[in-house]
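In this note's numbering, the protein residues as written are 50 to 249.
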């Protein structure tokens with residue numbers, strides 16, 4: 050079962066798919082390449098925002114899972130920790146792998162680095178972390194009017210750096226995997242560290 054944060058992410062992701070599907074909808078032809086790029090850019094930015102929200106919500110889910118109102122001392126310490134965490138979450142706005150890892154360690158004690166792999170695609174941890182940061186750099190480039198970086202997944206068949214339907218589909222699958230492995234890792238962390246059976 051997935052965490053509440055993951056369920057929210059999946060709902061958001063299902064809505065984001067509409068952008069990619071609209072860009073490739075033949076009923077809307079002819080559509081200029083620049084117009085198609087607007088949909089792809091919006092989809093990529095929305096996936097990054099959904100990942101950011103997932104991480105923030107997962108941290109909140111962590112506190113909900115370990116809560117023990119019957120233990121007043123633990124409850125008092127947790128209340129202070131939650132306040133500090135909310136302040137940290139308010140400043141979390143660049144969810145690259147370094148910032149995301151540091152946030153999870155600082156706020157929950159969970160280090161996701163060994164979980165961030167994509168076995169189905171044969172991507173080890175280093176490759177997954179690199180791809181996450183590449184996605185953030187691409188989003189940063191069009192958000193701030195810079196040239197899009199050249200990566201193997203941002204190259205169109207004509208050789209230009211641009212987003213394609215395949216790049217967005219791969220981004221969808223990438224974040225879905227990242228959410229799944231992070232969720233599983235957090236669940237294992239809660240169970241092993243706190244001796245709690247997670248409900249997700």
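By construction, the Cβ of each residue, glycine as well, lies at the ideal position given by its N, Cα and C atoms.
A quick note: this is a predicted structure, and the numbers were derived from the prediction, not measured.
Membership of residue 228 in the alpha helix (DSSP H) is indicated by the continuous run 214-243. Bridge partners of residue 167 according to DSSP: 172. According to the DSSP assignment, residue 93 belongs to the alpha helix (DSSP H) that extends over 82-115. Setting aside the 5 residues that flank it on each side, residue 138 is surrounded in the same chain by 105 and 108, each with a C-beta closer than 7 Å to its C-beta; the list follows chain order.
Nearest in C-alpha terms to residue 63, of all of 218, 170 and 212, is 218.
Take residue 73, set aside five residues on each side of it, and the residues of its chain with a beta-carbon closer than 6 Å to its own are 214, in chain order. Distance from the CA atom of residue 156 to the CA atom of residue 130, rounded to whole angstroms, is 8 Å.
Taking the Cα positions, residue 162 is about 37 Å away from residue 84. Take the alpha-carbon of residue 228 and the one of residue 122: they are about 33 Å apart. Here residue 144 is buried, its C-beta having at least 16 other C-beta atoms within 10 Å. Nearest to residue 185 by C-alpha distance, out of 159, 142 and 59, is 142.
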